[in-house]
């Protein structure tokens, strides 16, 4: 659907009335003040928009060069945010401090539709040029804003909704504006939350990039928030002077501006010195240690590190450095060196690696596309549904296919061992450590794929360390202060409902968004369309090609609910082959299935049923394929449908969208209603 450029006297009259009365209908002072600036200061008219201002290519290249480090830090985060939104009719936009778009992520279709409005790289969205809008008004007010449809000054933009947040540089000045523009006006508060988190990630990356030779110091009043988005972060010079700080650091220290902290020393802020903090952090294997605010009784938990790499040496992975003939960063004695490059090991469960089920084929194609951009993949599904097999297929389809596939089951490792298993350790790091030290799974996965199975069972404190690795793309083994850059494709999996665990405080929200670059639901065995072929393939493997199923036995296998999925099927067939002893397999050779009968499908936190076309007697379940924003948007739409007795025309009118647009949204959110021919 092409965007309709709406110009109406009604909209212009409304703008004039609000400015004249000084009061927005919904009490939105930001919009009222912006409209007033547009009318009185910029001399703009709501129904007489200027032509979209697009700067020349040479000027755009010059601006992008000036913003190179900001764009570099934002590029990955913007792609991740776009994938989390999962809305093809939206764009994630980055502007410079003049409102000029320097980077944008969107679908080709939506990008083509909004380009005539100036929503493209080189487009200028300051208030002077584009009136009230997310990007320009955020710059003017220097605060997060949501500009919904008719909140725009120019009527031509009133079919768009945009939310924007400022991105601050290490000096405390606005470096850019991050914006999400879409057709949907629902759930903008949730979009603002995601934008705020993404802006913090970009700001932290900017500190790392601009102060590579500085000592990073992480702190918070609560230890579980160290290494998360909520932590205070300082860049400290060799002489102990503060070079930069993020906004959280200023807030926790009770300071307002960077001027109040710049050039101060560590001793002015905390009851410790830089060297003391570095030594204590090393001794604690970089777990947060207690320190106190200088001249106060405020307690903090902090970790300090030495600079990761000399700024003159570009960060690169072990494999890249060795292949190029460049010396890798020096290793600490007792930490084994990198493994030699080797061909990928393909050891998937026999008989299960060829997917015929349409959903699995579609999932694999989706995964293939996103891993091409190194986006994390989160697999959801019941226990035994083949998540590791699918993860190996993702690995084989990724740019890291020539590297190792390293699998870690977070549920099978004792809590006392999982940290050393993941991060590795140097010789003598702790009692019982191997004499030669150990390379952790993360380093082993460098250049390949790291598969974290049952990620929901990872201890909460280790979630913080994993988040740090994903943010900084480097790992520090236990007992050493050296850091090693890593480059791997991350695939995670869980049979549990991670959003529910996030709400219960049992799983970190920021880590969840990091893992769920794309979230794929694997169907249970009972729902797979290729179940018959899968049964026959597994039987061939278990029997050495000599197994035969009687029609009655095959029907029993097909009708069973398989609460244990593929793993249970393999065990059952293995037993049946042994009992049949070379003869055709009959019902008698499947005693476990006959004893259990055909049990109902087990309850799964992530499973959902389609919404009926009439008002349901109970609240419909939320499909796990939906990200948190979509889940909330779905709930809002269901409530509106119930209020309007499931009359789609009335709901479309209430939302001010066409029926076709609403039907597409309902289909995307798995809300089933009858569609008239």
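Numbering (this note's numbering), first residue to last: 0 to 676.
All C-beta atoms in this analysis are idealised placements derived from N, C-alpha and C, irrespective of residue type, glycine included.
Rounded to the nearest angstrom, the gap between the Cα atoms of residue 177 and residue 126 is 16 Å.
Taking the Cβ atoms as the reference, residue 474 lies roughly 14 Å from residue 447, outside the contact range of under 8 Å. Considering only 227, 565, 152 and 398, the residue with the shortest C-alpha distance to residue 42 is 152. Note on the stretch 189-263: whole alpha helix (DSSP H) runs with a minimum of 4 residues are 246-251, in chain order. Exposed is the label assigned to residue 582, since fewer than 16 other Cβ atoms lie within 10 Å of its Cβ. The three-state secondary structure of residue 275, taken from DSSP, is helix. Taking all protein chains shown into account, residue 644 has fewer than 16 neighbouring C-beta atoms within 10 Å of its C-beta and is therefore exposed.
Counting the other Cβ atoms within 10 Å of the Cβ of residue 219 gives 16 or more, which makes it buried. The residues 552, 555, 571 and 575, in chain order, have a CB closer than 7 Å to that of residue 589 in the same chain once the five nearest residues on each side in sequence are set aside. For the stretch 514-576, the continuous beta strand (DSSP E) assignments of 3+ residues that do not extend past its boundaries occur at 517-520, in sequence order. Per DSSP, residue 44 has no beta bridge partner at all.
The DSSP assignment places 376-379 and 404-408 as complete runs of the beta strand (DSSP E) inside the stretch 376-421, in order along the chain (cut-off: 3 residues). Here the stretch 297-307 lies against the stretch 479-492, with 3 or more beta-carbon pairs under 8 Å apart.
The C-alpha of residue 254 lies about 50 Å from the C-alpha of residue 657. If you check the CB distance, residue 463 and residue 202 do not come in under 8 Å. Runs of the beta strand (DSSP E) lying entirely within the stretch 56-136 and spanning at least 3 residues, in chain order: 89-94 and 100-105. Listed in chain order, the non-local C-beta contacts of residue 472 below 8 Å within the same chain comprise 314, 484, 485 and 486, local neighbours out to five positions each way being set aside. In this structure, residue 78 keeps its C-beta atom at 8 Å or more from the C-beta atom of residue 102. Beta-bridge analysis with DSSP links residue 451 to 407 and 491.
Taking every protein chain shown into account, the CB of residue 109 has 16 or more other CB atoms within 10 angstroms, so this residue is buried.
For residue 162, the enclosing beta strand (DSSP E) starts and ends at 160-167. Residue state for residue 511 is assigned as helix, using DSSP reduced to three classes. For the 8 Å CB-CB criterion, residue 232 and residue 217 form a contact. Under the DSSP assignment, residue 31 falls in the alpha helix (DSSP H) whose first and last residues are 28-35. In the DSSP assignment, residue 180 is bridged to 90 and 161. DSSP lists 269 as the beta-bridge partner residues of residue 292. Spanning the alpha carbons of residue 652 and residue 147 requires a straight line of approximately 16 Å. Fewer than three pairs of CB atoms, one per stretch, sit closer than 8 Å, so the stretch 488-495 makes no contact with the stretch 47-64.
Rounded to the nearest whole angstrom, the CA to CA distance from residue 251 to residue 52 is 41 Å. Taking a cut-off of 8 Å on C-beta distances, the stretch 74-91 touches the stretch 185-199, as three or more cross pairs fall below it. Taking a contact as a CB-CB distance under 8 Å, the pair residue 174 and residue 143 does not count as one, their CB atoms being some 15 Å apart. With fewer than three CB-CB distances shorter than 8 Å, the stretch 534-549 does not count as touching the stretch 396-404. Beta-bridge pairing by DSSP links residue 584 to 548. Apart from sequence neighbours up to five positions away, the residues of its chain that approach residue 648 with a beta-carbon distance below 7 Å are 658, ordered along the chain.
CA-CA distance, residue 46 to residue 149, rounds to 12 Å. In the three-state scheme derived from DSSP, where H, G and I count as helix and E and B as strand, residue 285 is classed as coil.
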